[in-house]
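In what follows, a structure is listed as structure tokens, so that the remarks can point back to it.
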Amino acid sequence: MNANAFGDSLRAEDVPAALPTDLLHGVALRPPDVLWDGGRYRGSRLQSVQLAQARTLAGVVAVVQRTHFAGVVAVTPLYAQQGAAGLAPVWQAAPANEAQRSAASVAGQIRYGFLPPAIGSRPDARVTAWSLNGHASVWLPACSLDVQHLVRRELAALLRQPEATIRLTVTDADGASTFGPEALHPLDLMDAAADAALLSQEVGRPVCVACRSEAPGELALYVPPSAESSATMPGQHAPATNDAHDARHPGDQPLRLASDAPWAMRPSLARLLSQPGQATASAQATARTDFTVQTSQHACPPLRASVDELNAAQVFAQESQWHEQALARGEAPLPWRLRHLPEGQGRALARQVVERAGLSAEEDASDGNGTSQRIGTLRGTGFATTQVPCVDETGAARMVWSAWVAEVAVQPQTGQIEVTRVVAGHDSQHLQAAQGASIQPEIEHQAPRLLANARRLLAGPPAFDDWTSPALSSKGEPSRALSTPSGNDGLSTLGRAEDSVVTQGQLSLDGVVTLPAAAAIANAIQDATGVRLRQVPFDSEQLRLALAGRRRERSRNPLSRGWVWLAGGMAAVAGIAAALWPIKPALPLTAGPDVSLYSLRAIERGRLVAAAGDCVACHTAPGGKTNAGGFALDTPFGTIYSTNITPDNETGIGRWSYPAFERAMRQGVHQDGRQLYPAFPYTAYAKLTDADMQALYGYLMSQPAVRAEPPKTQLAFPFSFRPLLAGWNALFHDATPFTPDPSRDAQWLRGAYLVQGAGHCAACHSPRNRLGAEKTGVHYLAGGEAEGWTAPALNQLATGAQAWTGDELFQYLRTGYSPRHGVAAGPMAPVIHGLAELPDSDVKAITAYLLDLPQASGASKAKPVAATQAAAPVAQPAPAAVTIQSLQGRRANGERVYQNACAVCHEAGSGPTLFGVKPLLSSNTNLHAATPDNLIQVILNGIQTPANDDLGYMPGFKDSLDDRQIADLIGYLRERHAPEKEAWPDPTNTISKLREHAELN
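Below you can see the structure in the form of structure tokens.
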């Protein structure tokens, strides 16, 4: 079906309801900084874009630019990604004064932070739009009715046409739920639909766009301090004062709540960028509040927050502030809040919830500062309430109240928070028409789903070892995970279909009931401990530090302290002696683990750990069974064969206990006590957390058992004497798990954990010393070797003439191809296969970490081309005439080989793409490298197993070109595409060695 299939008479009802089959694919650019002031776009401006260059790339159908919006339409997703990279956008940074003014507007105000719960990604989720002749049809994945109305309203504003001309069709082959951890965020759907509609409007054909899942942005709310509000900062006691000279009470006048973000949901990014001067809000928060919402007029980041999340954040700030005000005035928070509720159904509901919880509406059980209990577990109670406007099934509007009582238990030594009791009520009655009769509230006590939703608000361990599965949906046990029983394994694992707040025409009861949850828990924590936590989810580490700062220092007996030091020193000596002792005991064999004890989510987590570690690449022999071992690893000390890691009882690890598995992974010691060679990167795997190690064990033990005996590793003496490796470990191995740097953000820490741990990037990309140990310090990721290939330096990717951008590196790691740097080949291709299993967030984390690495000290910097050319006549004597003739002849021969064998695929505008992508050589990383080894490998062997099927393949020329022809060819390529670099020495000997190595393997 093409753009002219219906001509000018096309109407929305004429477009078939079924998803079109002849889809094009689109990718839209994203600016580095996106700022919005509630009415206008104030972020990065698109200064220039290479439209003509992108049009020439293979598979590109059209390129689109509208103000600051730019995108590509192509025949496949990969071509669209390559075309977007070929646009090479130049962004003009947003004015610095915007952020400064925004920061100044909230200086000195009390801040409340609310991080919306994460929603699981669905990498296969796509939106298709067909926009033509003033009508548009859009095919969406599964989503609720209110999201559909939101998308229709946004597209009408974007396309500047009535809502009646836009038809939405929900089509989802896998039947994914519209709620829960596998649901898509409303803004992800809205952005994808807007991109697809705008691109389709340009080409007049159906365009499909993938839903990008971004990390949720924090909602930051600020309350200006005043005489009526003297709230405490985190970690401080609330002063118990009573301003007798001030007759006004905080409840007598509305408080002003200022936000550094517009208190509304942002429009689509496509509308922000294409209509920067008319980017009004898509929707407003609907929760009723006693605060007067004051929107800042300064630019701010457009938060990834839906109306539901805005409501939750607003209620959290409001109800927390009421509790703090009561304490500031020396009042009991619960009766104080009840007194200031309006007469009517809201106050009646609140009193009934309080009575059901067994509390007194007149006075609190404690003084609100946690001073009544200071030994052992600290316990507290909190209250919060809210009111939300909703419509019933007839369209009639109603205000619905909900109220919460939460009880918490806090372990002061660890800061661990546990919600122990929940009593919640609402007066919605499913929004049935009241017909003048009073509505009886519904009150629930200890409902499991309410406890689960409460625990979603408790932060778990540091996020560097959290895994998001692109594959597992809620059908695979959404509420079970390899984690603590409290459910702190991730905010998305406890979601249910009831988590939606308001749907079109009806009310999701659980959503309204849980709106006050965050404030009730925060108030209970302050009641228990005296510490006010103003950020959701609540961080146990922050609470622990606050409590530790309050505890008095205990007197220490110098003699006792001496004994402690002595015991610690003896333990350290014993540990060193155990590490140096060359003979390790065998751990007993078992019947194998009961894999049914591992949840599907835990096994999926282990699968992702194995994918990040690319276990299959080294533990699978060519043509062999997966993970059955036998892969030959060439090292300077001899050939080492990988082992069978399938759960076969005789030849694999089927009878290994978890302690035996963990010892091998962390210490490099086999189950039978043998020292393992560090070709197995236990030096990196030791950094895995306990949860990841357990998940990996469960995953490997759940895979099919393969009986296969790989060849035995037999190295020459002294390397065959394995006890010597105990000394090697003492010198070069640190078995300490990854320790996060508290000064770094979560994305950087995640990237560092993946690169240093499971990814073991240093195994190939760091140089090694004479004993085979990875060099550290300035040599970390400074380049190495792997299987006859040169592994380039990763510690200077962001510098030099061939510097990588974040988008380029992300695309390369995600697809195995970058138009400016080339195609992943050799040992890197299977790495790309492994990374393909990880979500985009993990690949972005790796990208952020690598680009942040400093350039290695003393690394050579690229010289300017002009300076190199000017210095050449002085630095080198004029060659003899016979040498010039020889060089010219070899250059002509190299050019002739290139034209006959290479140009048809690599020369721009010289014919069709025969084998896949058409990578340009002018910026290929291999042509700018210090050695020609990788270029020789590609020419000899081609790319038979590309990192991505869409890349196609490259034939090898080892059987059609001799060593001299290949030497002439790479000399020509170096001279033509990297003229600023020095010519490589005659590579003929290197070609011969690599050819021989290829034939042996």
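Under full-length UniProt numbering, the first residue of the sequence shown is numbered 1, with each subsequent residue one higher. For every residue, glycine included, the Cβ atom is placed at its ideal position computed from N, Cα and C.
task = Could you tell me which of D963, W467 and A793 sits nearest to T689, measuring between CA atoms?
result = Taking the first residue of the sequence shown as position 1, residue 689 is located at position 689. Per the Cα distances, W467.
Residue burial classification, E362 (beta-carbon count within 10 angstroms, cutoff 16): By one-based count along the sequence shown, residue 362 stands at place 362. It is exposed - the Cβ of E362 has fewer than 16 other Cβ atoms within 10 Å.
Can you give the beta carbon distance from A326 to A317, rounded, assuming they're within the 8 angstroms contact cut?
By 1-based counting over the sequence shown, the position of residue 326 is 326. By 1-based counting over the sequence shown, the position of residue 317 is 317. About 15 angstroms; that fails the 8 angstroms criterion.
field: Presumed contact (8 angstroms Cβ cut-off) between V34 and P262, rounded CB distance
entry: On the sequence shown, residue 34 is found 34 positions in, with the first residue counted as 1. On the sequence shown, residue 262 is found 262 positions in, with the first residue counted as 1. That belief does not hold up - the Cβ atoms of V34 and P262 are roughly 13 angstroms apart, past 8 angstroms.
inquiry  = I'd like to know whether the C-beta atoms of V315 and A287 end up nearer to each other than 8 angstroms.
reply    = Here residue 315 refers to the residue found at position 315 of the sequence shown. Here residue 287 refers to the residue found at position 287 of the sequence shown. In contact: V315 and A287 (Cβ atoms closer than 8 angstroms).
| said: Using DSSP's beta-bridge definition, name the partner residues of E418. | reply: Sequence index remark: in the sequence shown, residue 418 carries index 418 (1-based). Note: E418 sits in a beta bridge opposite A409.
On a Cα-Cα basis, can you pick out the residue from W656, V755 and D634 that is closest to L715? As a first step, residue 715 is located in the sequence shown; it is residue number 715 there, counting from the start. For L715, the nearest C-alpha among the options comes from D634.
Using the rule of at least 16 other Cβ atoms within 10 Å of the residue's Cβ for burial, across every protein chain shown, is M693 buried or exposed? Taking the sequence shown and counting its residues from 1, one reaches residue 693 at position 693. With 16 or more Cβ atoms within 10 Å of its Cβ, M693 is classed as buried.
Between the alpha carbons of D539 and R111, how many angstroms are there, rounded? On the sequence shown, residue 539 is found 539 positions in, with the first residue counted as 1. On the sequence shown, residue 111 is found 111 positions in, with the first residue counted as 1. The straight-line gap from Cα to Cα measures roughly 16 angstroms.
query: Buried or exposed: F721, going by 16 or more other Cβ atoms within 10 Å of its Cβ?
result: Here residue 721 is taken as the residue at index 721 of the sequence shown, counted from 1. In this structure F721 is exposed. Its beta-carbon is surrounded by fewer than 16 other beta-carbon atoms within 10 angstroms.
I need the straight-line Cα distance from A773 to T626, nearest angstrom please.
Along the sequence shown, read from residue 1 onward, the residue named residue 773 stands at position 773. Along the sequence shown, read from residue 1 onward, the residue named residue 626 stands at position 626. About 28 angstroms.
How big is the Cα-Cα spacing for T990 and T128?
By one-based count along the sequence shown, residue 990 stands at place 990. By one-based count along the sequence shown, residue 128 stands at place 128. Note on geometry: alpha-carbon atoms of T990 and T128 lie some 51 angstroms from one another.
H149 - DSSP class collapsed to helix/strand/coil
Working through the sequence shown from its first residue, we reach residue 149 at position 149. Helix, per DSSP.
Check: What are the start and end residues of the alpha helix (DSSP H) that includes L973?
Finding: What you label residue 973 is simply residue 973 of the sequence shown in a count that begins at 1. Element bounds for L973: D963 to H977.
- Query: What whole-angstrom Cβ distance do S282 and E418 have, given they're in contact under 8 angstroms?
  - Reply: As a first step, residue 282 must be located in the sequence shown, where it is residue number 282. As a first step, residue 418 must be located in the sequence shown, where it is residue number 418. 38 angstroms between Cβ atoms; not a contact.
CB contact below 8 angstroms: L338 versus chain B:
Absent from the structure is chain B; it holds one protein chain and no more.
Worksheet item: Which of helix, strand or coil does DSSP assign to I943?
Response: As a working mapping, residue 943 is identified with position 943 in the sequence shown. Collapsing the DSSP output to three states places I943 in a strand.
*Ends of the beta strand (DSSP E) at E442?*
As a first step, residue 442 must be located in the sequence shown, where it is residue number 442. Unbroken beta strand (DSSP E) run through E442: E442 to H445.
* What is the DSSP secondary structure of C143, reduced to helix, strand or coil? -> Here residue 143 refers to the residue found at position 143 of the sequence shown. Of the three classes helix, strand and coil, the one that applies to C143 here is coil, per DSSP.
Exercise. Would you identify the three-state DSSP class for R339, choosing helix, strand or coil?
Key: Taking the first residue of the sequence shown as position 1, residue 339 is located at position 339. Reduced to three states, the DSSP call for R339 is helix.
Check your understanding: Among A93, R266, Q542 and R974, which one has its Cα closest to the Cα of D37?
Key -> The residue labelled residue 37 in the question sits at position 37 within the sequence shown. Considering only alpha carbons, the answer is R266.
### Message
Just to confirm before moving on: does the CB-CB distance between A684 and Q756 stay below 8 angstroms?
### Response
Along the sequence shown, one-based indexing puts residue 684 at 684. Along the sequence shown, one-based indexing puts residue 756 at 756. Yes, these two residues count as a Cβ contact at 8 angstroms.
(request) Use the C-beta contact count for F114: other C-beta atoms within 10 angstroms, 16 or more gives buried, fewer gives exposed. (result) Sequence index remark: in the sequence shown, residue 114 carries index 114 (1-based). With at least 16 other beta carbons inside 10 angstroms of its own, F114 counts as buried.
* From L378, E444 and A93, pick the residue whose C-alpha is nearest to that of G415; which is it? -> Taking the sequence shown and counting its residues from 1, the one referred to as residue 415 is at position 415. Proximity to G415 across L378, E444 and A93 peaks at L378, based on C-alpha coordinates.
Please report the distance separating the alpha-carbon of T744 from that of I521. For the purposes of this step, residue 744 is taken as residue 744 along the sequence shown, with counting starting at 1. For the purposes of this step, residue 521 is taken as residue 521 along the sequence shown, with counting starting at 1. One detail in the question is off: residue 744 reads as Arg in this sequence, not Thr. R744 and I521: Cα-Cα distance of roughly 28 angstroms.
**DSSP state of G777 mapped onto helix, strand, coil** = Taking the first residue of the sequence shown as position 1, residue 777 is located at position 777. The answer is helix: DSSP assigns G777 an H, G or I state.
L19 to A193 span [Cα, whole Å]
Within the sequence shown, numbered from 1, the residue matching residue 19 stands at position 19. Within the sequence shown, numbered from 1, the residue matching residue 193 stands at position 193. Counting only the Cα atoms, A193 lies some 14 angstroms from L19.
Review point. Mapping DSSP to helix, strand and coil, what is S137?
Key: Counting from one through the sequence shown, the residue named residue 137 turns up at place 137. DSSP places S137 in strand when its eight states are reduced to three.
query: Out of curiosity, what's the CA-to-CA distance linking A611 and G673?
result: As a working note, residue 611 is residue 611 in the sequence shown. As a working note, residue 673 is residue 673 in the sequence shown. Spanning the two alpha carbons is a distance of roughly 27 angstroms.
- Message: If I measure Cβ to Cβ from K863 and keep anything under 6 angstroms in the same chain, skipping five residues before and after, which residues do I get?
- Response: Looking up residue 863 in the sequence shown gives position 863. With a pLDDT of 38 at K863, under the threshold of 50, the modelled position of that residue is not reliable, and the figure given next carries that caveat. If you ignore the 5 residues before and after K863, its C-beta comes within less than 6 angstroms of no other C-beta in its own chain.
> Which word fits P985, buried or exposed, when buried means at least 16 other C-beta atoms lie within 10 angstroms of its C-beta?
Replying inline: On the sequence shown, position 985 is the one that residue 985 refers to. Counting Cβ neighbours within 10 Å, P985 comes out exposed, since fewer than 16 surround it.
Inset, instruction - Give the secondary structure of V609 by DSSP, where H, G and I count as helix, E and B as strand, and everything else as coil. - result: Residue mapping note: residue 609 aligns to position 609 of the sequence shown, counting from 1. It is helical.
Looking only at its own chain, which residues have a Cβ that is under 7 angstroms from the Cβ of P830, when we skip the five neighbours before and after it? Residue 830 sits at position 830 when you count from the first residue of the sequence shown. The beta carbon of P830 sits closer than 7 angstroms to those of D614 and A617, all from its chain and outside the five residues before and after it, given in chain order.
Check: How is T171 classed by DSSP in three states: helix, strand or coil?
Finding: Taking the sequence shown and counting its residues from 1, the one referred to as residue 171 is at position 171. Note: T171 maps to coil in three-state DSSP.
Exposure of T847, with buried meaning 16 or more beta-carbon neighbours within 10 Å
Locating residue 847 in the sequence shown gives position 847, where the first residue counts as 1. It is buried - the Cβ of T847 has at least 16 other Cβ atoms within 10 Å.
Is the separation between the beta-carbon of P711 and that of C764 shorter than 8 angstroms?
Indexing the sequence shown from 1 puts residue 711 at position 711. Indexing the sequence shown from 1 puts residue 764 at position 764. Taking 8 angstroms as the Cβ cut-off, P711 and C764 do not qualify as a contacting pair.
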